[in-house]
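Okay, so here's the structure we're looking at.
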Amino acid sequence: RQSWIIAKDGSTLVYKLDSEGVPQNPMGRTGLRGRGALPRWGPNHYIHIILTRFQKAREAFLSTKGLEFVVLWTEKRYHLSIPGGFVSGEHRYEVIRSMFKNQFIGNIVWTESSAVIKFFRDCIIPPPPKVELAESNESFPSIADSEENLKITHEVVYKG
Numbered sequence: 001r002q003s004w005i006i007a008k009d010g011s012t013l014v015y016k017l018d019s020e021g022v023p024q025n026p027m028g029r030t031g032l033r034g035r036g037a038l039p040r041w042g043p044n045h046y047i048h049i050i051l052t053r054f055q056k057a058r059e060a061f062l063s064t065k066g067l068e069f070v071v072l073w074t075e076k077r078y079h080l081s082i083p084g085g086f087v088s089g090e091h092r093y094e095v096i097r098s099m100f101k102n103q104f105i106g107n108i109v110w111t112e113s114s115a116v117i118k119f120f121r122d123c124i125i126p127p128p129p130k131v132e133l134a135e136s137n138e139s140f141p142s143i144a145d146s147e148e149n150l151k152i153t154h155e156v157v158y159k160g
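Counting in the UniProt record's numbering, the sequence shown runs from 1 upward without gaps.
Quick look at the structure:
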């Protein structure tokens, strides 16, 4: 199986098997035996992605500016988590692709981080254009239940 652990010389780490076919710890003996709660013998790779954006308030009355990030809510376990998971195959970004799949990805395999970055950059929705506001003296009649409600004046209109 492929390992993404890099040795000191920059080559991919090759792990050895003992007489029972169990991978040996490349860093030496630990006194522990078995794989415990890990999914596989040998390297168990996980990948997580942290997606953030700085949201600026578009309207003065909204207080929605600040750093926003993506988390997943798991109904089964009732907890929040960062998107990602166990890498079970050759392609480490397949976990992320499967979580964010849509009709635009199709069967494309992400083999490099640049493909992941390109996908999320393509998902960015540009902010709406700035709207110029101007004053107006247009008046519209309304139901007159009192003298103050006789007319409604709109002071802001779209100029464009």
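Here a beta-carbon is modelled for each residue, glycine too, at the ideal position from N, C-alpha and C.
Within the same chain, 50, 51, 52 come within 7 angstroms of residue 69 by CB-CB distance, once the 5 residues on both sides are set aside. One alpha carbon belongs to residue 22, the other to residue 41, and they sit about 7 angstroms apart.
Contact between residue 110 and residue 94 holds: CB atoms are separated by about 7 angstroms, below the 8 angstroms threshold.
Counting only runs that start and end inside the stretch 59–121, the beta strand (DSSP E) elements of at least 3 residues fall at 66–69, 72–74, 79–81, 84–86. Out of 100, 117, 35, the CA that lies nearest to the CA of residue 84 is found in 100.
In the three-state reduction of the DSSP assignment, residue 46 falls in the strand class.
Non-local beta-carbon contacts of residue 48 in its own chain, meaning distances under 6 angstroms to residues more than five positions away in sequence, involve 82, 84 in chain order. Of the residues assessed, residue 117 falls on the exposed side of the cut-off, its CB having fewer than 16 other CB atoms within 10 angstroms.
By the neighbour-count definition (other C-beta atoms within 10 Å, threshold 16), residue 87 is a buried residue. As computed with DSSP, residue 24 is found in no beta bridge at all.
Excluding five sequence positions before and after residue 17, the CB atoms of its chain that fall closer than 8 angstroms to its own CB belong to 23, 24, given in chain order.
For residue 96, same chain residues with a beta-carbon under 8 angstroms away, outside a window of 5 residues either side, are 47, 49, 83, 84, 110, 116 in chain order. Beta-bridge partners assigned by DSSP to residue 52: 69.
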